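All remarks here apply to the structure that follows.
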Amino acid sequence: MAGPSLHGLLGRPAGTLAGFAFSPALRHSGIVWDEAVLDRFLADPRRAVPGNRMAFPGVRRAEDRRALIDFLKQSTK
Ligand code: HEM
15 MAGPSLHGLL GRPAGTLAGF AFSPALRHSG IVWDEAVLDR FLADPRRAVP
65 GNRMAFPGVR RAEDRRALID FLKQSTK
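Heads up: the sequence shown is residues 15 to 91, going by the working numbering.
Listed below in structure tokens is the structure:
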């Protein structure tokens, strides 16, 4: 897979999952994933964490991000 496993994501500091080679940008972002910071990141990943390597343009609509974050809360527990 291109991206890291998101299992256990909420509450984890960004870029710290063992076994995945994260960018320095994400590792040094100071982010701890919660719903608010995920919402900002998923709206515009490039702007939220400049220099990160996630090839994903983001989700523009707030309702779509809400649905995605609800899904992630359930599926990454
Ligand atoms: C709805 C779609 C997506 C969601 C919700 C999502 C979510 C995330 C999150 C939360 C992280 C940070 C993980 C952490 O800090 O442990 C991450 C990193 C990453 N994702 Fe995604 N992602 C999505 C789509 C994609 C796609 C389409 C790709 C590639 C084709 C991708 C590739 C990556 C990569 C390479 C990283 C590490 C970035 C870095 O080290 O700078 N993701 N993703």
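The C-beta atom is built at its ideal place from N, Cα and C for all residues, glycine as well.
Since the structure is predicted, the reported quantities are computational estimates derived from the model, not experimental observations.
On a Cα-Cα basis, can you pick out the residue from the options that is closest to residue i?
| i | options | result |
| --- | --- | --- |
| ALA16 | LEU23, ASP84 and PHE70 | PHE70 |
| GLY33 | ARG80, SER19, SER89 and VAL63 | SER19 |
| VAL73 | GLY25, GLY65, TRP47 and LEU82 | LEU82 |
| ALA76 | PRO64, PHE55, VAL63 and THR90 | PHE55 |
| VAL51 | ASP78, ALA62 and PRO38 | ALA62 |
| MET68 | HIS21, GLU49 and ALA35 | ALA35 |
Can you grab the Cα-Cα spacing for the pair residue i / residue j, in whole Å?
| i | j | result |
| --- | --- | --- |
| ARG60 | THR30 | 19 Å |
| ASP53 | ARG80 | 8 Å |
Check whether the Cβ atoms of residue i and residue j lie closer than 8 Å to each other.
| i | j | result |
| --- | --- | --- |
| ALA57 | LEU40 | no |
| GLY25 | TRP47 | yes |
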